[in-house]
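Notes for the one structure printed next.
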Amino acid sequence: MNNIGVRETEVVVVGAGQAGLAAAFHLRRVGYEPDRDFVVLDHAPRPGGAWQFRWPTLTYGKVHGMHALPGMELAGADPDRPSSEVIGAYFDTYERAFGLRVHRPVDVRSVRDGADGRLLVNTSEGTYATRALVNATGTWDRPFWPRFPGQDVFRGRQLHSSAYRGPQDFAGRRVIVVGGGTSAVQQLLEIADVAEATAWVTRRPPVFRTGPFDEQQGRAAVARVEERVRAGLPPQSVVSVTGLPMTAIRPHHTFRTSPLTPPEALELARQQGVLVRHPMFNRITETGACWLDGARDDGVTRIDADAILYATGFRPALGHLAPLQLRESGGGIRLDGTRAVRDPRVHLVGYGPSASTIGANRAGRAAVHDIRQLLQPSLRTVA
1 MNNIGVRETE VVVVGAGQAG LAAAFHLRRV GYEPDRDFVV LDHAPRPGGA
51 WQFRWPTLTY GKVHGMHALP GMELAGADPD RPSSEVIGAY FDTYERAFGL
101 RVHRPVDVRS VRDGADGRLL VNTSEGTYAT RALVNATGTW DRPFWPRFPG
151 QDVFRGRQLH SSAYRGPQDF AGRRVIVVGG GTSAVQQLLE IADVAEATAW
201 VTRRPPVFRT GPFDEQQGRA AVARVEERVR AGLPPQSVVS VTGLPMTAIR
251 PHHTFRTSPL TPPEALELAR QQGVLVRHPM FNRITETGAC WLDGARDDGV
301 TRIDADAILY ATGFRPALGH LAPLQLRESG GGIRLDGTRA VRDPRVHLVG
351 YGPSASTIGA NRAGRAAVHD IRQLLQPSLR TVA
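If you're matching positions, the sequence shown starts at 1 in the UniProt record's numbering and goes up one per residue.
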């Protein structure tokens, strides 16, 4: 290629969270060299993926389902230390141990077709011409904000859970927490210890998973998400498939020193009125939210609030792939394994059925397997 300023490489990995690092590890394992055969680009300022942005009171002991990266265990971590510090340090050590040479902070602006069958990856540090791309951008950069009538007139504070820094910001306030996921429950329980009042609002009644989540159930949950992705539909949230893990209910402040099991903590939180779910409100008012359900004589139920916290999840950060027109009419990107059906040069890891730490590990390995077959056709006969 004669393009001035364009660097050629075999594979570009976009994102250095769990999925991106797993892919980079397997690229090295099969003989690809960093900064020669592949390059890892990360938008974040330091190692840790999305974990580095988690709220400080989310200690490592409260983290649910964190699986080690391939080739290196996370051992001896202090459960009382913030998860952002523990996992950030672990990712940093991992990158150094395997010489992954992550480029950061680098913004990937677009990916489009180039010459000679390559993809052109336009970034803040220049353009890469690559034969394959592993997209591991996750969801953190796309917090989902639901829209409600009256949202623009509310006089209090509105924020997404991605901006939550701890319960101290809500001391003495009246707070509505919107969302039925693990983060919503954890943040609600923290805030309830210091707030004047809280209300929990979800679209669907929450389902707490009380028993163990075994391998068979895990496979069934992944299969349900994979079915949607194969059909070209946007993937569902993890909680909508698996239910809320009971381990999300951990003792906070008022009963922190008590030896309560998660089910006991759940029951106590319900008795205290904290984990009492309200259906989704119809509109937001200047001073809170209201339901048009006839629960009061005037036909309106209201809750006054000083703050509304939207723990409403995230959407995949895929805007840079728009020039490739990978989306189906259903709104999602249809995958065969990790490979985009519309462009086999593009692999999505940490997306849909691989949007978990263990799933990301497996997806990274699977993507590298397929990419080797794409770039070295003679390998296709090798199992």
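All C-beta atoms in this analysis are idealised placements derived from N, C-alpha and C, irrespective of residue type, glycine included. All figures in this text were calculated on a predicted structure; none of them were measured in a lab.
Your pair alanine 77 and glycine 49 does not check out as a contact, with CB atoms roughly 16 Å apart and the cut at 8 Å.
Look at threonine 127 here: in three-state DSSP terms it is strand.
By the criterion of a C-beta distance shorter than 6 Å, serine 124 is surrounded in its chain by Val106 and Asp107, once the five residues flanking it on both sides are discounted. For the pair arginine 365 and alanine 197, the Cα-to-Cα distance works out to about 47 Å. When the beta-carbon positions are compared, glutamine 187 and alanine 311 come within less than 7 Å of each other. Note on proline 146: under 16 other CB atoms within 10 angstroms of its CB, so exposed under the neighbour-count rule.
One Cα belongs to leucine 159, the other to alanine 289, and the distance between them is close to 15 Å. By the Cβ rule, the region 83 to 90 does not count as touching the region 168 to 188, because fewer than three pairs are nearer than 8 Å. With 16 or more other Cβ atoms inside 10 Å of its own Cβ, glutamine 52 counts as buried.
Taking the CA atoms as reference points, leucine 375 sits about 21 Å from leucine 100. For leucine 275, the secondary structure class from DSSP, reduced to helix, strand or coil, is coil.
Tyrosine 128 and valine 39 do touch by the CB rule: their CB atoms are close to 6 Å apart, below 8 Å. If you draw a 10 Å sphere on the C-beta of aspartate 42, you find 16 or more other C-beta atoms in it, and that means buried.
Less than 7 Å separates the beta-carbon of alanine 317 from that of arginine 142.
Looking at the backbone, the Cα of isoleucine 191 and that of proline 235 are separated by about 30 Å. In summary, arginine 109 is exposed, with fewer than 16 beta-carbon neighbours lying within 10 Å of its beta-carbon over all protein chains present. The region 325 to 343 and the region 198 to 208 do not touch, with fewer than 3 CB-CB distances between them shorter than 8 Å.
In the structure shown, asparagine 135 falls within a strand segment according to DSSP collapsed to helix, strand and coil.
Distance from the Cα of proline 149 is smallest, within the candidate group Phe281, Trp55 and Glu73, for Phe281. Scanning its chain for C-beta atoms nearer than 8 Å, with the 5 sequence neighbours on each side dropped, one finds around glutamine 151 the residues Gln158 and Ile284, in chain order. With contacts defined as CB atoms closer than 7 Å, arginine 334 and glycine 232 qualify as a contacting pair.
Burial is judged here by how many other beta carbons sit within 10 angstroms of a residue's own beta carbon; leucine 292 has fewer than 16 and is exposed.
For serine 110, the enclosing beta strand (DSSP E) has its first and last residue at 108 to 113. In the DSSP assignment, alanine 199 falls within the unbroken beta strand (DSSP E) covering 197 to 202. Cβ contact annotation for alanine 163 (same chain, cutoff 6 Å, sequence separation greater than five): none. Phenylalanine 98: not part of any beta strand (DSSP E); DSSP gives it neither H nor E. DSSP places threonine 182 inside the alpha helix (DSSP H), whose first and last residues are 182 to 192. Within the DSSP bridge table, the entry for arginine 327 names Ile333 as partners.
Out of Val63, Thr130 and Glu73, the CA that lies nearest to the CA of alanine 115 is found in Thr130. Remark: three or more beta-carbon pairs, one from each stretch, lie closer than 8 Å, so the region 13 to 30 and the region 61 to 77 are flagged as touching. Threonine 357 sits away from histidine 64, with the two beta carbons spaced by 7 Å or more. Looking at the DSSP output, tyrosine 310 bridges to His160 and Val178. When only Cα atoms are considered, leucine 58 and tyrosine 351 end up about 24 Å apart. In this structure, Gly138 is the residue among Gly138, Arg118 and Arg36 with its C-alpha nearest to the C-alpha of leucine 348.
Counting along the chain, no alpha helix (DSSP H) covers valine 6; the unbroken beta strand (DSSP E) around it starts and ends at 6 to 14. Between alanine 195 and phenylalanine 170, the gap from beta carbon to beta carbon is short of 7 Å.
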